[in-house]
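This report refers to the structure that appears directly beneath it.
In the numbering used here, the protein residues as written are 657 to 782.
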């Protein structure tokens, strides 16, 4: 839930660089890679008239929420309260609760070994 609130309140920008109709680069947290400064089309000899640049940058701003509101159970309408109650009851009734079983040897401690039987009989697994 905390991650959802963090992501919904965070705002960021998406930058896109187009040369003509082609997408050259897009960036979210880094700088854009610009295309070369070559003229897009037309004669480069005619410098008296300034031609518009065919490359453009598009910036999309994704804004997060400024105020996070919480709703109380009493703020919901009656039909929503009935649905929420019925949903939770049906969800919890899916699970069958098993009775606790008594384990007879739970508190049993084995006797302490006085001597190691394998060493005394010299029986080893190889």
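The beta-carbon is built from N, C-alpha and C at its ideal position, and this holds for glycine as well.
Please read these numbers as outputs of a predicted model, since none were measured by experiment.
Cβ distance (whole Å) where residue i is taken to contact residue j below 8 angstroms
| i | j | result |
| --- | --- | --- |
| residue 669 | residue 715 | 6 angstroms |
| residue 671 | residue 709 | With 8 angstroms as the limit, residue 671 and residue 709 do not qualify as a contact, their Cβ atoms being about 17 angstroms apart. |
| residue 682 | residue 720 | 20 angstroms between Cβ atoms; not a contact. |
Nearest-angstrom Cα separation, counted from residue j out to residue i
| i | j | result |
| --- | --- | --- |
| residue 711 | residue 689 | 12 angstroms |
| residue 739 | residue 732 | 11 angstroms |
| residue 662 | residue 718 | 14 angstroms |
| residue 780 | residue 773 | 10 angstroms |
| residue 749 | residue 736 | 20 angstroms |
| residue 769 | residue 757 | 31 angstroms |
| residue 699 | residue 686 | Note that residue 699 scores 48 on pLDDT, short of 50, meaning its location in the model is unreliable; the coordinates nonetheless yield the value given after this. One C-alpha to the other measures close to 34 angstroms. |
| residue 659 | residue 741 | 26 angstroms |
Simplified DSSP state of residue i, which is helix, strand or coil
| i | result |
| --- | --- |
| residue 668 | strand |
| residue 685 | coil |
| residue 777 | helix |
Cβ shell of residue i (< 6 angstroms), same chain only, five flanking positions each side left out
| i | result |
| --- | --- |
| residue 673 | 680, 681, 688, 713 |
Completely contained alpha helix (DSSP H) runs for the region 702–752, where each covers 4 or more residues: If we require 4 residues or more, the alpha helix (DSSP H) runs fully inside the region 702–752 come out as 734–748.
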